[in-house]
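What follows is a single structure, written as C-alpha cells, with notes after it.
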Amino acid sequence: MQRILLLLLLIGGSAFRVSEKPYFVIKPYVQLATQQSIRILWETSEPGVSWVEYGPSLYEAEQPLLTMKAASADTVAMHEIELTGLAVETDYFYRTVTVLQGGDTLISEAVPFKTAVKENTPIGFAVFSDSQKNAPIWGKLTALAAKERPNFAIHGGDLVDYGYVKRNWVEEFFAPAYPFMRSYPIYTIMGNHEHGAPYYYQYLSNPNPEYYYTFTYGNTQFFLFDTDHDVRPGTEVYEWLERELARSTATWKIAMHHHPPFSSDTDDFGETLKGGRSTLGDPDLKDLPPLYEKYGVDVVFYGHIHTYERTWPILNAQPRGDKGVRYINIGGSGGDVEHSAPTRSWFTNKVKTGFHFGYVRIAENVLQFQAIDEDGQVFDAFDLTKGAPWHDVSLARKVPPAPMFSSSSDVFSDELKVTVEGALPGLEIRYTTDGSTPDKRSALYRAPLAFKQSTTLKAVAFSKEGNSRVAEKKFVNQAPFAGASVTPAPGLLYRYAAGTVKSRADFEKLSFSKPAVVKSYDLKEMVHRGEEWGVEFTGYVYVAEDGIYKFSGHAENWLKFYVHDQLLIEEYEQDVTVGGEIALKAGYHPVKIIYYDLRRPPSIDLYIQKTGGKVIPLAEEVLFH
C-alpha cells in the first residue's frame, strides 16, 4: 500500500501536494508611537480580516491581560491598525489576530510596547542608517540596540539594497530586526536605494507626506526628509524645513537625512586615492548648513557613506570647539563598509571604518551620544550641555521664512483660490501678480486670493526687523482637453529597441521594433534583448469625470510621460517621484510613455489623482490603444 501511494505521489505530483499553511510574511511590528496612539502593521500570506488585542501592563500579572480590541473590516494581506485613546508614557502588551479567507487563524505572540513619554521625561533612542543587504549585521546591531531599552529609533535611509525587490524588505530588513521592531518604533526616511518604491510606503508608516516630516518626543524635535528630493531654497522640502525650524520651541533639535553635507569619503565626492580632489560632501546640500545654523540645530545625522565620521561643531563654515552644528555620518548598519580619504579633513573630529550604530540619551539640558560597534563596544562618545543659544536668535525675525502658498491645485479651469501664510505670527505679507518683486508698497495680503487667469504670484513676509526672500509660484488656467472620439481596445502599443544612446535627445535614433500590444507599461511583460534598451508606449488613458488630474511617477532610469503631448513627468536618474497636472474632460486621452534603461533592474510606477481624491496606481483597466 505504501508503494502504491508513493507511486501515485510521484505521478500525480501537485494533485497530492499538501497545501502550504498560511503564515506571517512579516510579523507584527510597531510604528509611529505618540502619547495617545501607536500603529501595528503586519503582512500575512493570504488576505483576511484582522484585529489587535491589547491592554496595559498590570502589577503582579502572570500573563498579559488583553481586554481591549481594535479591528479592521478590510480583507487584506497587508494589515495596519492604529490603537488610539492610550495613556501617555504607559506600558502595554498586544497581539494580532487574523482570520484568513480560507478559514485559518493566525495569532501572533503577545509583546510589549510603550507610548510616547511626557515632555519632561528623559528619553533614549538608537540611530541607524544603510542597513542594506546585510541581514546578519542588521540583526546583530538591532539586537544590541534593543539591550539599551530605547524608546524608539531613527533610520537615515537605504533600509534595503533595492526598494523594488520584496525579498529585500521581507528577508533582509524586517526578519532580522523583528525582535527590535515588535516593541520599538523606527522612524525612517528614504535613501537612494529605496528608489521611492511603493514597498517603502506600504511597510513604513510615518507622518504625511512621509518623504518629509517632523515629530516631537520628550523635549526634542526631529526633522526627517528625503535628500533625493530637491532641497534648494524655494523648493517644497526646503520651505517646509525652514518653516518647522522657525516654529520649533523644543529644547533640542535633531535633523536626519540620507546624504552627507560633510564627508571625508575616499571616492564618492572625488577620487582622493587617484589624485582627485574631494568636494568633502554632497554639493546638492550646500544650502542646508546655513539653515541649520540659523535656527540652532544641535545634531544632524546622515548615512549614504558606509562609515562613521563625526565633525567638530561647525559655524559659518568653520570648526568650533563648542558652538555650532555637530554632523555625524552613521552609515554602518549593514552596507559594505567604506573608508575615509588618506588625509584629514578640516571638519573631522573622529572617523572609523566598521559596522556600528548610534545611541542618544537626553534629559533636560543634557544630551549624551555613543557610537557602538558590532561587538557592543563604545568607540566614540560626547556629552553636550545646553546653555545660552550659540546662534543669532534674532535672525528668525530679521530674515523670516518665505511665505507659503496653499491651493487645491496649480492648474485650474474656472477659478482658483490661493491662501498665503506666514511661518511666524505677526508677519506682514505683501504680494504681486504682475511679475514684480513685492515691497512694502505692494498689496497687503488679508484674505485668500481668487485667480481666473494664469498668474505668477510672488510674496514676501515682512517683520519689524526685516523681510524674507521672495516666494514665487505660477498658477495656470487651462481649458480642459476633450477626450478623443475613439473606440479603443484594452492595452497599450509599444515599440522596443536595444542599443546605447549618449543623451536623452538621441532616444529616437534607436532602431525600434514594429509596434505590438501589451497590457500595460509593466516592463516584465516584454523580452529584453540587451543591457541598454528603450521602449515607447502609446495609447489612451480613460478618466470617468471632468477635472484636474495629477499624474505622478518614478522610474529606475529615464522616464518621460505625456498626456495630449503635455510633458507631465520627466525623471532622469533622480530616484524621486515627480508629476504634473492637466485639465481633462471625461473620456479617452492620448498618452505616451518613454523609458530608457541603463543596465539597471527595470521599473516604472505611475499614479493618477483627481483633485480632492486619492492617489491611485495608473492601472491597466484605464489604459487603451
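Going by this note's numbering, the letters in the sequence shown line up with residues 999 to 1623, in that order.
Glycine included, each C-beta is placed from N, C-alpha and C at the ideal position.
| Query | Result |
| --- | --- |
| For K1336, count the other beta carbons within 10 Å of its own beta carbon; 16 or more makes it buried, fewer makes it exposed. Which is it? | Inspection of the sequence shows that residue 1336 is occupied by Glu rather than by Lys. Looking at its Cβ environment, which holds 16 or more other Cβ atoms inside 10 Å, E1336 is buried. |
| Reducing DSSP to helix, strand and coil, say where T1065 ends up. | coil |
| Note down the Cα distance separating W1238 from E1470, rounded to an integer number of angstroms. | 15 Å |
| Quick one: which unbroken alpha helix (DSSP H) runs of 4-plus residues sit fully inside the region 1267-1352? Chain order, please. | 1286-1292 |
| Going by C-alpha distance, which of T1073, A1071 and L1056 is nearest T1065? | L1056 |
| Check whether the Cβ atoms of F1123 and F1150 sit closer than 8 Å, and answer yes or no. | yes |
| Between R1165, A1069, R1230 and D1595, which has its C-alpha nearest G1497's C-alpha? | D1595 |
| Assign G1010 to one of three DSSP states: helix, strand, or coil. | With a pLDDT of 37 at G1010, under the threshold of 50, the modelled position of that residue is not reliable, and no figure is offered here. |
| How would you call R1318, buried or exposed, if buried means at least 16 neighbouring beta carbons within 10 angstroms? | exposed |
| Would you call the region 1172-1192 and the region 1137-1145 touching, i.e. three or more CB-CB distances under 8 Å? | yes |
| Does G1329 pass the burial test, meaning 16 or more other C-beta atoms within 10 Å, or should it be called exposed? | buried |
| Taking only runs of the alpha helix (DSSP H) that begin and end inside the region 1148-1232, which ones reach a length of at least 4 residues, in chain order? | 1173-1179 and 1196-1201 |
| Touch check for the region 1407-1424 and the region 1378-1388: three-plus C-beta pairs under 8 Å? | no |
| Sort out for me which residues DSSP pairs M1254 with in a bridge. | L1222 and F1299 |
| Quick one: what does DSSP say D1263 is sitting in, helix, strand or coil? | strand |
| Measure from the alpha carbon of G1333 to the alpha carbon of each residue in W1250, N1190 and D1296, then state which is nearest. | N1190 |
| Just to confirm the assignment, what range does the beta strand (DSSP E) spanning T1140 have? | Here T1140 belongs to no beta strand (DSSP E); instead the alpha helix (DSSP H) covers A1133 to K1145. |
| Spell out the partners DSSP gives G1053 in its beta bridges. | F1091 |
| Indicate whether G1322 and M1254 have their beta-carbon atoms separated by less than 8 Å. | no |
| Indicate whether the contact test is met: 3 or more Cβ pairs, each with one atom in the region 1353-1373 and one in the region 1275-1293, closer than 8 Å. | no |
| Take S1012 and list the residues in its own chain whose beta-carbon comes closer than 6 Å to its own, dropping the five residues that flank it on each side. | Confidence at S1012 is low in this model, with a pLDDT of 36, below 50, so the placement of that residue is unreliable and no value is reported for it. |
| Assign W1388 to one of three DSSP states: helix, strand, or coil. | coil |
| Quick check: Y1325 and T1309, are their CB atoms within less than 8 Å of each other? | yes |
| Can you check whether the CB of P1486 is closer than 8 Å to the CB of E1582? | The sequence shown places Leu at residue 1582, rather than the Glu named in the question. Their beta carbons are not under 8 Å apart, which means L1582 does not touch P1486 by this criterion. |
| In this structure, does DSSP put F1126 in helix, strand or coil? | strand |
| Quick one: what does DSSP say D1102 is sitting in, helix, strand or coil? | coil |
| Return the chain-ordered list of same chain residues with a C-beta closer than 7 Å to the C-beta of A1553, the five sequence neighbours on each side being excluded. | E1569, Y1593, S1601 and I1602 |
| Determine the contact status of S1262 and L1286, defining contact as a CB-CB distance below 8 Å. | no |
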